[in-house]
DNA sequence: GTTAAATTTCTATAATTTTTCAGAATAAAA
DNA sequence: TTTTATTCTGAAAAATTATAGAAATTTAAC
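Residue numbers (the working numbering), protein chains in the order written: chain A, 1 to 237; chain B, 1 to 237.
Quick look at the structure:
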């Protein structure tokens with residue numbers, strides 16, 4: 001869930017923004033003044049900031065400048081909130097480094113749409129090309145197409161099954177604990193049982209192994225976890 | 001069994017938390033005020049702390065800040081307990097250093113689940129294993145793959161056997177007492193017999209030695225303990 | 001909404017690992 | 001050589017762990 005910070009001195013705006021964004025699956029934290037915001041920023045960097053242009057004390061321009069100076073925060077996308085549409089000219093004109101702007105009052109549909117657009121752009125930039133197709137013996141797994149084939153024949157896997165297998169195949173030979181797998185495949189907000197991993201391993205085996213009770217591809221390492229068997233068998237540093 | 005400290009001024013909450021956590025195989029110690037808790041902390045560090053946000057005298061925020069200042073306690077995961085859901089925003093937003101938060105009243109299923117998740121994450125982070133592959137003569141041990149090979153041939157070891165051998169091979173030539181080995185390989189909370197080490201050494205020898213009654217790799221140092229033979233021959237205390 | 005699929009939880013069972021223990025063997029000391 | 005302490009051995013009990021078969025729950029699709 002992306003985290004968005006909203007900085008505005010008007011409580012109505014804060015409330016409205018919170019409502020509109022949380023309804024769209026975003027996590028929102030609001031601040032009524034710049035000081036508070038900057039302080040919070042030291043600890044957690046949000047995925048996007050909504051920043052009011054005109055505020056008492058520290059105004060949006062000053063805050064934005066500070067953001068851009070700090071390496072830790074300089075790449076966080078900022079959407080400026082302006083009261084009148086002629087102010088927005090300045091925002092763009094001065095080119096102070098905002099990524100977008102919205103004029104107040106904004107629509108409850110417009111706001112989340114703009115934020116989503118910004119987040120989309122950001123996530124695209126931040127994801128370098130990974131290895132997408134992994135081949136190991138008879139098995140080929142294709143990250144982008146989400147396809148697994150065994151000797152040319154396609155094997156259908158569910159989302160979890162696919163992610164789990166991909167994780168294992170990315171590091172052949174390496175043993176992963178169930179905890180690690182839960183963290184990496186299920187992501188941090190999984191609060192369930194560790195045994196869940198076992199069950200999914202079983203499902204994958206039923207689909208990819210010739211003899212599911214004599215697994216060849218996925219190896220159980222008792223007391224530790226699971227590993228995708230390494231073709232070469234050799235150990236590498 | 002992981003140890004969890006619960007700090008809350010309401011006895012109901014303490015009781016509920018204790019019940020929910022002990023049912024899930026955790027050891028629980030409760031405190032009704034911060035002073036008491038901080039004192040206990042000096043002696044024993046729990047694996048996780050449940051901390052009430054609002055308490056008379058010392059409140060959760062203050063306590064958390066103290067925890068984070070002390071090197072001994074700064075890495076203990078803390079889950080904040082908050083009464084209202086809008087308070088939780090502050091907890092995340094200000095990122096005062098809590099690892100998670102739960103709003104009261106919490107479900108008896110949710111609480112242990114969250115704690116488990118935290119413990120899972122913690123155990124993963126705290127293992128910055130350095131050397132992963134150790135080679136000594138004919139033997140090669142690979143930490144990540146959990147594999148041991150002797151002249152290229154794989155040797156299957158159980159979890160304990162592997163951990164024990166790895167410990168010894170990490171420090172070739174150095175003699176370890178049984179107590180030390182129990183501490184490091186079996187972890188702190190082992191209250192069993194010292195002879196257990198002997199038995200495991202025996203199992204390892206049966207698997208890695210050419211002639212198990214004339215051990216070459218693992219050397220017995222009478223009255224002291226065991227050592228993995230150093231290539232150079234010398235053994236050091 | 002209803003249905004189907006996917007995911008998770010639960011329980012029993014089988015298999016393996018770990019620990020214990022008593023007597024035998026071994027090495028060092030008196 | 002005898003004594004004494006320590007380690008080794010073999011076997012079995014105890015504890016742990018993985019698997020399978022469902023059932024229950026959640027999620028997605030229609």
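Every residue, glycine too, gets a C-beta built ideally from N, C-alpha and C.
| Item | Value |
| --- | --- |
| Rounded straight-line distance, which links the Cα of residue 157 (chain A) to that of residue 204 (chain A) | 7 Å |
| Own chain residues within Cβ distance below 6 Å of residue 182 (chain B), not counting five before or after | 190 |
| Short CB-CB distance (under 8 Å) between residue 195 (chain B) and chain A | no |
| The stretch 3 to 12 of chain A touching the stretch 41 to 54 of chain A, judged by at least three CB pairs closer than 8 Å | yes |
| Pairwise C-alpha distance: residue 175 (chain B) and residue 175 (chain A) | 29 Å |
| Local conformation of residue 129 (chain B) per DSSP, three classes | In this prediction, residue 129 (chain B) scores a pLDDT of 48, lower than 50, which makes its location untrustworthy; no coordinate-derived value is stated. |
| Nonlocal neighbours in the same chain, by C-beta distance under 7 Å from residue 100 (chain B), ignoring five residues either side | 79, 114 and 118 |
| Alpha carbon of residue 223 (chain B) to alpha carbon of residue 223 (chain A), nearest angstrom | 32 Å |
| DSSP three-state assignment for residue 238 (chain A), whether helix, strand or coil | This structure gives no information on residue 238 (chain A), because the portion of chain A shown stretches from 1 to 237. |
| Among B:225, B:29, B:137 and B:144, the one whose alpha carbon lies nearest that of residue 11 (chain B) | B:29 |
| Cα-Cα separation between residue 53 (chain A) and residue 64 (chain A), rounded to whole angstroms | 10 Å |
| Beta-bridge partners of residue 150 (chain B), as assigned by DSSP | B:139 and B:153 |
| CA nearest to the CA of residue 240 (chain A), picked from A:23, A:141, A:211 and A:228 | Residue numbering for chain A in the displayed model covers 1 to 237; residue 240 (chain A) lies beyond these limits and cannot be assessed. |
| C-beta neighbour in chain B for residue 190 (chain A), strict 8 Å | yes |
| Start and end residues, alpha helix (DSSP H) containing residue 20 (chain A) | 11 to 22 |
| Chain A residues whose Cβ lies nearer than 7 Å to that of residue 120 (chain B) | 179, 182 and 183 |
| is_contact[residue 173 (chain A), chain B] using C-beta, thresh 8 Å | yes |
| Nearest to residue 67 (chain A) (by Cα), restricted to the options A:39, A:81 and A:83 | A:39 |
| Nearest-angstrom Cβ-Cβ length linking residue 112 (chain B) and residue 20 (chain B), presumed shorter than 8 Å | 5 Å |
| Helix, strand or coil at residue 117 (chain A) [DSSP, three-state] | helix |
| Residue 147 (chain B) burial status per 10 Å Cβ neighbour count (16 or more: buried) | buried |
| Under 7 Å (Cβ pairs) to chain A, residues found in the stretch 14 to 31 of chain B | none |
| Below-8 Å beta-carbon distance, residue 146 (chain B) vs any chain A residue | yes |
| The stretch 199 to 225 of chain A: positions lying closer than 8 Å to chain B by Cβ | 221, 222, 223 and 224 |
| Neighbour-count burial assignment, residue 232 (chain B), 16 or more Cβ in a 10 Å radius | Legend: pLDDT at residue 232 (chain B) = 49, less than 50; position of this residue unreliable, value from coordinates given subsequently. With fewer than 16 Cβ atoms within 10 Å of its Cβ, residue 232 (chain B) is classed as exposed. |
| Check: residue 68 (chain A) C-beta below 7 Å from any heavy atom of the ligand MG | Looking for the ligand MG in the displayed structure turns up nothing, as the structure carries no ligands at all. |
| Residue closest to residue 8 (chain B), alpha-carbon to alpha-carbon, out of B:140, B:35, B:27 and B:26 | B:35 |
| Amino acids of chain A, ordered along the chain, whose beta-carbon sits closer than 8 Å to that of residue 113 (chain B) | 191 and 192 |
| CB contact flag (residue 155 (chain A), residue 207 (chain A), <8 Å) | yes |
| C-alpha gap between residue 83 (chain B) and residue 51 (chain B), whole angstroms | 12 Å |
| DSSP-derived helix/strand/coil call for residue 208 (chain B) | helix |
| Alpha-carbon spacing of residue 230 (chain A) relative to residue 220 (chain A), whole angstroms | 13 Å |
| Buried or exposed (CB count within 10 angstroms, at least 16 for buried), residue 163 (chain B) | buried |
| CA-to-CA distance, residue 161 (chain A) to residue 185 (chain B), given in whole angstroms | 34 Å |
| Proximity winner among A:172, A:137 and A:74, relative to residue 145 (chain B) (alpha-carbon distances) | A:172 |
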